[in-house]
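Asker:
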Amino acid sequence: MTTTIAFAHAVAEGDKGYIQEITGIHLIPFVYLGAKHMVTGYDHILFLFGVIFFLYRLKDIAIHVSLFALGHSVTMLAGVYFGIGINSYIIDAIIGFSVVYKALDNLGAYQRWFGVQPDTKAATFVFGLCHGFGLSSKILDYDISPDGLLPNLLAFNVGVEIGQLLALAAILIVMGFWRRSPGFLRHAYTANVVMMSAGFVLIGYQLTGWFVS
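Here it is as structure tokens:
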């Protein structure tokens, strides 16, 4: 596995070449690329998993996922369109931190440590902004053609949301079966510790890349 593929927000080499070579409006290919990015973006999926872990009502799930999608869309579109780039290692480390943050939230750490419960909706939106900057920073690295830029970005964002819905559906199906099992609450703690550990690994990997780059 190459270093490029290992990055949480990296675009596959074939897709990278395609993005760099085409000009004009190509809606369907960009919808596909956006959906592919979301479905294969393990950091996105980890964060979504954490967000819905203890959400049981569809209304609550819809609100949180919509806030994440809104944040993700705003910074992805604005970041690319206005050329706002952030160091890829730093933003990906922040995204890894979002996974750690949500795992600690699910474990009730903030209530025990500080006696307060942070606003989960606000946190989901803010980290959505960070996830969007992660993607925009990678797209800027590939010097996408300005010809047809806005329609292509909108199509890409539509694909991202389609991919997010597909990933969410899969997570909810798995969670639905798991929650009905007698061992769910017993294993919930372990699952969030594993998720937190994965977030720390992402942080460490990205910061190491930043220091040695």
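To convert, note that position 174 of the sequence shown is 230 in the working numbering; the numbers rise steadily by one, no gaps.
The C-beta atom is built at its ideal place from N, Cα and C for all residues, glycine as well.
A quick note: this is a predicted structure, and the numbers were derived from the prediction, not measured.
(1) Are the CB atoms of Met251 and Lys115 within a distance shorter than 9 Å?
(2) Return the chain-ordered list of same chain residues with a C-beta closer than 7 Å to the C-beta of Ile195, the five sequence neighbours on each side being excluded.
(3) Helix, strand or coil, according to DSSP, for Gly265 in the structure here?
(4) Could you tell me whether the Cβ atoms of His128 and Gly184 are closer together than 9 Å?
(5) Mapping DSSP to helix, strand and coil, what is Leu228?
(6) Less than 9 Å between the C-beta atoms of Leu163 and Tyr245, yes or no?
(7) Assuming the contact rule is C-beta atoms closer than 8 Å, Asp203 and Gly80 should be a hit. Round their C-beta distance to whole Å, please.
(8) I'd like to know whether the C-beta atoms of Gly255 and Ser144 end up nearer to each other than 9 Å.
(9) Would you mind working out which of Ile147, Ala223 and Ser269 sits nearest Phe192, comparing C-alpha positions?
(10) Based on Cα-Cα distance, which residue from Arg242, Gln220 and Val268 lies nearest to Gly97?
(11) Here's a check: name, in chain order, each residue in its chain whose Cβ is nearer than 8 Å to the Cβ of Gly106, leaving out the five neighbours to either side.
(12) Three-state secondary structure (DSSP) at Ser253?
(13) Mapping DSSP to helix, strand and coil, what is Ile200?
(14) Please classify Phe212: does DSSP put it in a helix, a strand, or coil?
(15) Can you check whether the CB of Ala223 is closer than 9 Å to the CB of His100?
(16) Consult DSSP for Asp175 and reduce its assignment to one of helix, strand or coil.
Answerer: In terms of the structure at hand:
(1) The sequence position of residue 115 within the sequence shown is 59, counting from 1. The sequence position of residue 251 within the sequence shown is 195, counting from 1. Their beta carbons are not under 9 Å apart, which means Lys115 does not touch Met251 by this criterion.
(2) Sequence index remark: in the sequence shown, residue 195 carries index 139 (1-based). Apart from sequence neighbours up to five positions away, the residues of its chain that approach Ile195 with a beta-carbon distance below 7 Å are Val136, ordered along the chain.
(3) Position 209 of the sequence shown, counting from 1, holds the residue named residue 265. The answer is helix: DSSP assigns Gly265 an H, G or I state.
(4) Along the sequence shown, read from residue 1 onward, the residue named residue 128 stands at position 72. Along the sequence shown, read from residue 1 onward, the residue named residue 184 stands at position 128. In this structure, Gly184 lies closer than 9 Å to His128 by Cβ.
(5) To locate residue 228, count along the sequence shown from 1; it is residue 172. Taken through DSSP and simplified to helix, strand or coil, Leu228 comes out as helix.
(6) Reading the sequence shown from its first residue, position 107 is the one you call residue 163. Reading the sequence shown from its first residue, position 189 is the one you call residue 245. Yes, the pair counts as a contact, with Cβ atoms nearer than the cut-off.
(7) Mapped onto the sequence shown, residue 203 falls at position 147. Mapped onto the sequence shown, residue 80 falls at position 24. About 5 Å separates the two Cβ atoms, so the contact holds.
(8) In the sequence shown, counting from the first residue as 1, residue 255 sits at position 199. In the sequence shown, counting from the first residue as 1, residue 144 sits at position 88. Not closer than 9 Å, so no.
(9) The residue given as residue 192 occupies position 136 in the sequence shown. In the sequence on display, residue 192 carries Ser and not Phe. Checked all of Ile147, Ala223 and Ser269; the closest Cα to Ser192 is Ile147.
(10) As a first step, residue 97 must be located in the sequence shown, where it is residue number 41. Measuring from the Cα of Gly97, the nearest candidate turns out to be Gln220.
(11) Taking the sequence shown and counting its residues from 1, the one referred to as residue 106 is at position 50. These residues qualify, in order along the chain: Val155, Lys158, Ala159, Asp161, Asn162, Asn248 and Met251.
(12) Within the sequence shown, the letter at position 197 stands for residue 253. Ser253 falls in the helix class under three-state DSSP.
(13) Working through the sequence shown from its first residue, we reach residue 200 at position 144. Note: Ile200 maps to coil in three-state DSSP.
(14) For this step, residue 212 is matched to residue 156 along the sequence shown. DSSP places Phe212 in the helix class (H, G or I) of the three-state scheme.
(15) Translated into the one-based positions of the sequence shown, residue 100 becomes position 44. Translated into the one-based positions of the sequence shown, residue 223 becomes position 167. In this structure, Ala223 lies closer than 9 Å to His100 by Cβ.
(16) Locating residue 175 in the sequence shown gives position 119, counting from the first residue. Note: Asp175 maps to coil in three-state DSSP.
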